[in-house]
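Here the structure is laid out as structure tokens; the discussion comes afterwards.
2 protein chains.
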Amino acid sequence: MAAKLPPTVEKVDASYLESLLGYNASRASLAVVTVFLERMAVYGMKPVNFSVLSLITHNPGITSRQLCSNLGILPPNLVGMLNALEQRELITRKPHPRDGRAMGLHLTAAGHKLMLDAERTATALEGEVASRLSVSELKTLIRLLQKIYL
Amino acid sequence: MAAKLPPTVEKVDASYLESLLGYNASRASLAVVTVFLERMAVYGMKPVNFSVLSLITHNPGITSRQLCSNLGILPPNLVGMLNALEQRELITRKPHPRDGRAMGLHLTAAGHKLMLDAERTATALEGEVASRLSVSELKTLIRLLQKIYL
DNA sequence: TATTGTTATACTCTATAACTATA
DNA sequence: TATAGTTATAGAGTATAACAATA
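Protein chains in written order, with my numbering: chain C, 86 to 235; chain X, 86 to 235.
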């Protein structure tokens, strides 16, 4: 009687992982982020500083603290990001009118110009990543994702 | 005429970001992963080594190369992970029966015992994270996520 | 010549502790 | 006493280059 040889794997069975919400959400998130990184590199933007700039765009005068709590960034990690955006002359820090400790964040004219293009590109890119979904499927997907985290 | 004071932000408007698939997928993924980290810490498992162990569980004899290409891990980063799992005596490396370069990966008896509990916990935890979704909504969510990345 | 597994190493991202100025 | 912003630094995660053994 021969010794049993160790088995070999031809096609990998990932069906258990594919039954998990966390696995699927991570993989889908990674897929979108990958395309985002490629397409948004021309603006010098990654997902995090794009999110920061977008919140400043739609909330002029927002503070660091508000950015941190809304985006889940830790304050020490935001400092360098804001410095870089200020050096690129995309944002300015103005003294907060009612709190001497805080600074209000604002886009410069150049910042507004760039974000107009960047947000258009971001929205367009998503349509391509989700090209295999109908418009109503994409709406459903986003609504269900928000029921997880919001 | 008084100089215009810089505006302040009371409630942050994140409606643009919340219209983006990438933003929602990342936030939802983070929410699931956060609970995963808490609940799976007792097994000494994070999402990545759980995924590795799960693929070994359901694909005994799988090679490093196959793990890497299925999970998007780079080979140099897998080595340390496998060494740690081997030291914990959860997996063993056996010579591959048909390729002298490769090693087939297998669970030990202790590994099987641990993964039985770990997979049960992982599946249960997901039901809690998705508690605001009906069973059919969760099925739909996973199906739509797979249409993005698969 | 190409591939598997590995080492060494660099880079980025994220996290913690401690300080200052103001509330 | 608590909070906003900052500095310095540590740790985890992710990336590239190069090598030995085998196909």
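Heads up, the beta-carbon is just placed ideally off N, CA and C, and yes, glycines get one too.
Taking 7 Å as the limit between beta carbons, can you name the residues of its chain near residue i, skipping five residues before and five after?
| i | result |
| --- | --- |
| C/H181 | T148, A187, M188 and G189 |
| C/N155 | L140 |
| X/L163 | S149, L152 and C153 |
Under 7 Å between beta-carbons, which chain C residues line up against residue i? List them in chain order, please.
| i | result |
| --- | --- |
| X/N109 | I227, L230 and Q231 |
| X/D98 | H143 and N144 |
| X/Q151 | V94 and V97 |
| X/A113 | A110, L230, I233 and Y234 |
According to DSSP, is residue i helix, strand or coil?
| i | result |
| --- | --- |
| C/I147 | strand |
| X/I141 | helix |
| C/I158 | coil |
| X/M125 | helix |
| X/K131 | coil |
| C/T119 | helix |
| C/A110 | helix |
| C/S136 | helix |
| C/L102 | helix |
| X/L230 | helix |
| C/L235 | coil |
Compare the C-beta of residue i against all C-beta atoms of chain C and say whether one is closer than 8 Å.
| i | result |
| --- | --- |
| X/G189 | yes |
| X/P161 | no |
| X/L138 | no |
| X/L223 | yes |
| X/V117 | yes |
| X/A249 | Summary: the structure shown does not reach residue 249 of chain X, with chain X confined to residues 86 through 235, and so no result is reported for it. |
| X/Y128 | no |
Which residues in chain X sit within 8 Å of residue i, going by Cβ to Cβ distance?
| i | result |
| --- | --- |
| C/E204 | Y101 |
Could you list which residues in chain C have their beta carbon closer than 9 Å to that of residue i, in chain order?
| i | result |
| --- | --- |
| X/H181 | P91 and T93 |
| X/R217 | K232 and I233 |
Ordered along the chain, which non-local residues of its own chain (more than five positions away) have a Cβ less than 8 Å from that of residue i?
| i | result |
| --- | --- |
| C/L120 | Per the sequence shown, the amino acid found at residue 120 of chain C is Val instead of Leu. Answer for C/V120: L210, E213 and V214, listed in chain order. |
| C/E171 | T177 and R178 |
| C/N144 | Q151 |
Using beta carbons (cut-off 8 Å, strictly below), is residue i in contact with chain X?
| i | result |
| --- | --- |
| C/I147 | yes |
| C/V220 | no |
| C/N134 | no |
| C/V214 | yes |
| C/L105 | yes |
| C/A194 | no |
Using a Cβ-Cβ cutoff of less than 6 Å, which residues in the same chain neighbour residue i once the five nearest sequence positions on both sides are dropped?
| i | result |
| --- | --- |
| C/V117 | V214 |
| C/P160 | C153 |
So residue i contacts chain C; which residues on that side make the cut at Cβ distance below 8 Å?
| i | result |
| --- | --- |
| X/E211 | L105, L106 and G107 |
In chain X, which residues lie with their C-beta within 7 Å of the C-beta of residue i?
| i | result |
| --- | --- |
| C/R178 | Going along chain X, no residue has its Cβ under 7 Å from C/R178, so there is no contact; the nearest lies around 10 Å. |
| query | Where are the beta strand (DSSP E) runs, 3 residues long or more, that stay fully inside the region 161 to 226 of chain C, in chain order? | reply | If only uninterrupted beta strand (DSSP E) runs of at least 3 residues are considered, those enclosed by the region 161 to 226 of chain C are 176 to 180 and 188 to 192.
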